[in-house]
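Asks:
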Amino acid sequence: MEKRRKVANPLALAVLAWLVAEPMHPYELGKRLKETRKDRSVKFNRSSLYMVVEQLRKAGFIAEQETVRDTQRPERTVYRLTPAGRDELYDWMRELVAEPRREYPHFGVALSLLSVLPPQEAVELLTRRLAALDAEAAEIRAEMAGATEGGVQWIFLIEEEYRLAVLAAEQRFVTTLTESLRQPGYARAWHDMFGREP
3 MEKRRKVANP LALAVLAWLV AEPMHPYELG KRLKETRKDR SVKFNRSSLY
53 MVVEQLRKAG FIAEQETVRD TQRPERTVYR LTPAGRDELY DWMRELVAEP
103 RREYPHFGVA LSLLSVLPPQ EAVELLTRRL AALDAEAAEI RAEMAGATEG
153 GVQWIFLIEE EYRLAVLAAE QRFVTTLTES LRQPGYARAW HDMFGREP
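Read the sequence shown against my numbering and you will find it ends at 200, with the numbers running on by one and no gaps.
1. With a cut-off of 8 angstroms, do at least 3 Cβ pairs link the region 123-131 to the region 183-198?
2. Note the first and the last residue of the continuous alpha helix (DSSP H) segment covering residue 106.
3. Under 8 angstroms between the Cβ atoms of residue 63 and residue 87?
4. Helix or strand or just coil, what does DSSP make of residue 186?
5. If I follow the unbroken alpha helix (DSSP H) through residue 142, where does it start and stop?
6. Can you tell me whether residue 106 is buried or exposed, with buried defined as 16 or more other CB within 10 angstroms of its CB?
7. Please name the residue, chosen from 187, 94, 17, 141, that lies closest to residue 6 on a Cα-to-Cα basis.
8. Specify the secondary structure class of residue 10 as computed by DSSP and reduced to three states.
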């Protein structure tokens, strides 16, 4: 069963994970999230990152370690992980890895209502979606190849492997669905149901 977290934003989990390695300030956290492309899995902007850092501080999961003064930059507060933060990180990670969670992607909603679209239009739209999925998969493969050639270990690319697997499953699903929608029997049934030409 899913636990109720003091700070439930996935960005908070990413912050805790990066602070395991070493203390750092929010600007550095954001920079590393972008450099390692974690921003593809965890959406954030500067203000949301600072907000999550403050929530984690209030919850006692991180603490101020020092304030760095640099003449060329404004003051920056460096944060470190607390023992409670370390416990929260590992408990949360164990839950997310071990327990499947019901998610509600927008495509699932569209599929549940797909029958309102005329079959031919649904086929055209799904064909466009399949082309977009193919392009996304090609982009991920190219980025992974570049990262691997650059010496990045496979474990740091595992979320991209997962994205590829999910994309491949969706590509297969959309291909099969498109073929089913092209069947004359479906077009007749749709016409009978909605009373207009497919």
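A virtual CB, placed ideally from N, CA and C, is assigned to each residue, including glycine.
Replies: So, to answer that:
1. yes
2. On the sequence shown, residue 106 is found 104 positions in, with the first residue counted as 1. Here residue 106 belongs to no alpha helix (DSSP H), and DSSP marks it neither H nor E.
3. For the purposes of this step, residue 63 is identified with residue 61 of the sequence shown, where counting begins at 1. For the purposes of this step, residue 87 is identified with residue 85 of the sequence shown, where counting begins at 1. Yes, the Cβ-Cβ distance between residue 63 and residue 87 is below 8 angstroms.
4. Along the sequence shown, read from residue 1 onward, the residue named residue 186 stands at position 184. Helix, per DSSP.
5. Position 140 of the sequence shown, counted from the first residue, corresponds to residue 142. Element bounds for residue 142: 121-151.
6. Start at 1 with the first residue of the sequence shown, and residue 106 comes out as number 104. The residue in question, residue 106, is exposed, as its Cβ has fewer than 16 Cβ neighbours within 10 Å.
7. Walking along the sequence shown from the start, residue 6 turns up at place 4. The residue with the shortest Cα to Cα distance from residue 6 is 94.
8. Position 8 of the sequence shown, counted from the start, is the residue given in the question as residue 10. Coil, per DSSP.
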